[in-house]
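K.L.:
Protein chains in written order, with my numbering: chain X, 1 to 467; chain F, 468 to 665.
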């Protein structure tokens, strides 16, 4: 090993390179592979046609989440195509000896929620899944990123993928976050500054006291959104917060293995003089509660601001105008006071217990606005259980909300949870693309606090006014 | 799955001068429910291409008979968002073999290369030239040469080079895929795994 100062990313990446191909990608070893029903079936077909087995079924984990219903999960899935995908996942898992948390399994939930909460996601690991929000797991100091189905087949067959090493970016946020400014707001703020392509080609390390003070749930929210600025993934150096979260979880190392792991995890940090290809610094006090007004996650503003004018932005005026037209908004509109039809809290971005605590803190003692349809969807059965145990379910019920069952739900609307055409949804998910939450749907991305404020008032509302 | 070799492609092109085309536009999530790689081209750009009643939207470029070809030319930051390889499958299944843009999202670029679609990244100025040339004559032909790593607007002779790493270039020229390569080094991987004791 050289004595050159290196970054957290370098340390994890370099220790997983099986072979460097000259003028080509690295053959990159994968420690943990998550699979789900939508992006795995064709990969299994590929294995079959080549007559290859799964190389490391004990490091492959299947959960059903993308197309699953969020009510009546005990009944057969009505949509035959979804049912077929779920059956394929179950059969492929059984055939190759992969652990499978299907519908009804108490461990079932969104892949990026159940991995960490069961202690499968650990610092220093390389983790992939056929889902771009795999970046979530970077919160533990892992290199985690989304892959395509051809790559799913590569990992199933050889526990490796072919990957050129990305460039390195560090994003520092220092200072103290203001009232009602959550990790989601930090993420939306950074993306609004960098744009959706600003970190393409890079792997991000989040540093600074804002992330040091942040909970694991919050770090997961931030790392989750890394892909929305084009980065393959983002990571936070593991620390006492990380170790405390992992300790005692189902599949986390125990006893001697824990001590050994902990000693290694403590080495996982960026050396003082290490160099990044790109570095950004932001001041926490500049960040307000955020909301998006357009059709990509970079189109976000502080809640008190006005929608920017196309002329004030770099390039792309035609695309910008197309976007505002789709949303039914105009340049220099205020976001506060816009009518909201739907509220969605959940997803791999904001479907963890901390998010429901935040949501409950605002709706407590208030009522859901009559004209708002709200979908409250936990990220997993474990989160659902916590919601019940902590009394949050009672708060929800009293305020006129019902709790649904876990899954990706309206984040990508593959199941029945679709926002109707033309309707506005304040959503704690990650993408506001045209039609993302249903054909013609209009999405305003925001934090659980902003979602709660919209749910009880029926309009886009500054959550600080209700706290 | 091995794919067709790619050497030199000479074709007219379909222009899509929209920026940040995300993979949800290329193929919406509700069309990802197949368990086989078949028929995704029917739903390429579904919600831009069809009305709710399934009738074609006349103003969308794929519904305009003036434009056709095996090359899709799109605005900057093409393929952002979801990692769904179905987006690349839909483009391939529709009949495109090459996508030209001034910038590609990472995962899309990787997915495209893995299934035999060549992503060609050109300068913003050259992209503009291509759009202008197609606007002036929808039958404008482009020539994409992988061996030379060049793209040419044939009528005018305007040409630009593009980058691709040597490994991927070799794969595309020969129709090889990564799984063949990885299978051939399985022993090395197994010893690496044993040492790591994951």
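Ideal Cβ placement from N, Cα and C applies to all residues, glycine included.
Predicted model only: the values in this text are computed from it and were never measured.
Using a Cβ-Cβ cut-off of less than 8 Å, list which residues of the segment 518-531 of chain F approach chain X; keep chain order.
P.N.:
For the segment 518-531 of chain F, which is checked against every Cβ of chain X, the residues closer than 8 Å are 519.
K.L.:
Grouping DSSP H, G and I as helix and E and B as strand, with all else coil, what is residue 348/X?
P.N.:
It is helical.
K.L.:
Within 10 angstroms of the Cβ of residue 297/X, are there 16 or more other Cβ atoms? Answer buried if so, exposed if not.
P.N.:
Classification of residue 297/X: buried, given that the 10 Å Cβ count is 16 or more.
K.L.:
For a contact defined as C-beta to C-beta under 7 Å, what are the partners of residue 487/F on chain X?
P.N.:
Here the neighbours are 196, 296, 319.
K.L.:
At which residues does the alpha helix (DSSP H) containing residue 241/X begin and terminate?
P.N.:
240-246 is the span of the alpha helix (DSSP H), which, as asked, contains residue 241/X.
K.L.:
Check the Cβ-Cβ distances between residue 84/X and every residue of chain F, and say whether any is below 8 Å.
P.N.:
True, the Cβ-Cβ gap to chain F drops below 8 Å.
K.L.:
Measuring alpha carbon to alpha carbon, tell me which residue in 614/F, 598/F, 636/F is nearest residue 608/F.
P.N.:
Ranking the options by Cα distance to residue 608/F, first place goes to 598/F.
K.L.:
Do the CB positions of residue 428/X and residue 441/X come within less than 8 Å of each other?
P.N.:
Against a cut-off of 8 Å, the Cβ pair of residue 441/X and residue 428/X comes out as no contact.
K.L.:
Could you give the residue range of the alpha helix (DSSP H) that holds residue 223/X?
P.N.:
Residues 216-224.
K.L.:
Looking at the strands, I want to know which residues DSSP matches up with residue 3/X.
P.N.:
Paired residues: none, contrary to the question.
K.L.:
Judging by CA-CA distance, which residue of 204/X, 306/X, 65/X is the nearest neighbour of residue 329/X?
P.N.:
Measuring from the Cα of residue 329/X, the nearest candidate turns out to be 306/X.
K.L.:
Mind the definition here: the segment 331-350 of chain X touches the segment 398-418 of chain X only if three or more C-beta pairs lie below 8 Å; say whether that holds.
P.N.:
Contact holds: three or more Cβ-Cβ distances are below 8 Å.
K.L.:
Near residue 355/X, which residues of its chain fall below 6 Å by C-beta distance, leaving aside the five closest residues on each side in sequence?
P.N.:
So the list reads 448, once near-sequence residues are dropped.
K.L.:
My assumption, with CB atoms under 8 Å, is that residue 167/X sits in contact with residue 201/X. Please give the rounded CB distance.
P.N.:
About 6 Å; that satisfies the 8 Å criterion.
K.L.:
Under 8 Å, Cβ to Cβ, is there at least one residue of chain F near residue 149/X?
P.N.:
Yes, residue 149/X lies at the interface with chain F (some Cβ there is under 8 Å from its Cβ).
K.L.:
For the segment 613-620 of chain F against the segment 176-196 of chain X, are there 3 or more C-beta pairs whose distance is under 8 Å?
P.N.:
No: fewer than three Cβ pairs fall under 8 Å.
K.L.:
What residues in its chain sit with their C-beta under 7 Å from that of residue 230/X, if we drop five residues either side in the sequence?
P.N.:
Once the five neighbours on either side are set aside, the close Cβ partners of residue 230/X are 196, 197, 198, 199, 200.
K.L.:
Run through the DSSP bridge pairs and tell me what residue 342/X is partnered with.
P.N.:
In DSSP, residue 342/X forms a bridge with 373/X, 425/X.
K.L.:
Please report whether the beta-carbon of residue 574/F lies at a distance below 8 Å from any beta-carbon of chain X.
P.N.:
Chain X contact via Cβ: present.
K.L.:
Do you know how far the Cα of residue 454/X is from the Cα of residue 504/F?
P.N.:
Looking at the two C-alpha atoms, the distance is approximately 41 Å.
K.L.:
In angstroms, rounded to a whole number, what distance separates the CA positions of residue 383/X and residue 109/X?
P.N.:
Cα to Cα, residue 383/X sits roughly 9 Å from residue 109/X.
K.L.:
Which word fits residue 33/X, buried or exposed, when buried means at least 16 other C-beta atoms lie within 10 angstroms of its C-beta?
P.N.:
Buried, because 16 or more other Cβ atoms sit within 10 Å of the Cβ of residue 33/X.
K.L.:
Any beta carbon from chain F within less than 8 Å of residue 45/X's own beta carbon?
P.N.:
Judged by the 8 Å Cβ criterion, residue 45/X is in contact with chain F.
K.L.:
Whole angstroms is fine: what's the gap from residue 457/X's alpha carbon to residue 76/X's?
P.N.:
Distance between the alpha carbons of residue 457/X and residue 76/X is about 37 Å.
K.L.:
Can you tell me whether residue 283/X is helix, strand or coil according to DSSP?
P.N.:
In the structure shown, residue 283/X sits in a strand (DSSP, three-state: E or B).
K.L.:
Would you kindly check if the distance between the Cβ of residue 270/X and the Cβ of residue 131/X is under 8 Å?
P.N.:
Cβ distance not < 8 Å, so residue 131/X and residue 270/X don't count as in contact.
K.L.:
Does residue 544/F get closer than 8 Å to chain X when you measure Cβ to Cβ?
P.N.:
Yes, because at least one Cβ of chain X sits closer than 8 Å to the Cβ of residue 544/F.
K.L.:
Let me know the secondary structure DSSP gives residue 477/F once reduced to three states.
P.N.:
Residue 477/F: strand per DSSP, three-state reduction.
K.L.:
Between which two residues does the alpha helix (DSSP H) carrying residue 598/F extend?
P.N.:
591-603 is the span of the alpha helix (DSSP H), which, as asked, contains residue 598/F.
K.L.:
Would you identify the three-state DSSP class for residue 206/X, choosing helix, strand or coil?
P.N.:
In this structure, residue 206/X counts as strand in the three-state DSSP scheme.
K.L.:
Determine the chain X residues that contact residue 561/F at a beta-carbon separation under 9 Å, and present them in chain order.
P.N.:
By Cβ distance, chain X contributes nothing, its closest Cβ being about 17 Å from residue 561/F, past 9 Å.
K.L.:
Measure the C-alpha to C-alpha separation of residue 59/X and residue 480/F and round it to an integer number of angstroms.
P.N.:
Taking the straight line from one Cα to the other gives about 44 Å.
K.L.:
If you draw a straight line from the C-alpha of residue 171/X to the C-alpha of residue 239/X, how long is it?
P.N.:
Rounded to whole angstroms, residue 171/X to residue 239/X spans 18 Å at the Cα level.
K.L.:
Note down, in chain order, each residue of its chain lying with its Cβ closer than 7 Å to the Cβ of residue 474/F, except the 5 sequence neighbours on either side.
P.N.:
Cβ neighbours of residue 474/F beyond the five flanking positions: 613, 614, 640.
K.L.:
When the Cα of residue 175/X is compared with those of 208/X, 44/X, 151/X, 165/X, which residue comes out closest?
P.N.:
Selected option, being the one with the closest Cα: 208/X.
K.L.:
How about residue 554/F and residue 490/F: are their beta carbons less than 8 Å apart?
P.N.:
Their beta carbons are under 8 Å apart, which means residue 554/F touches residue 490/F by this criterion.
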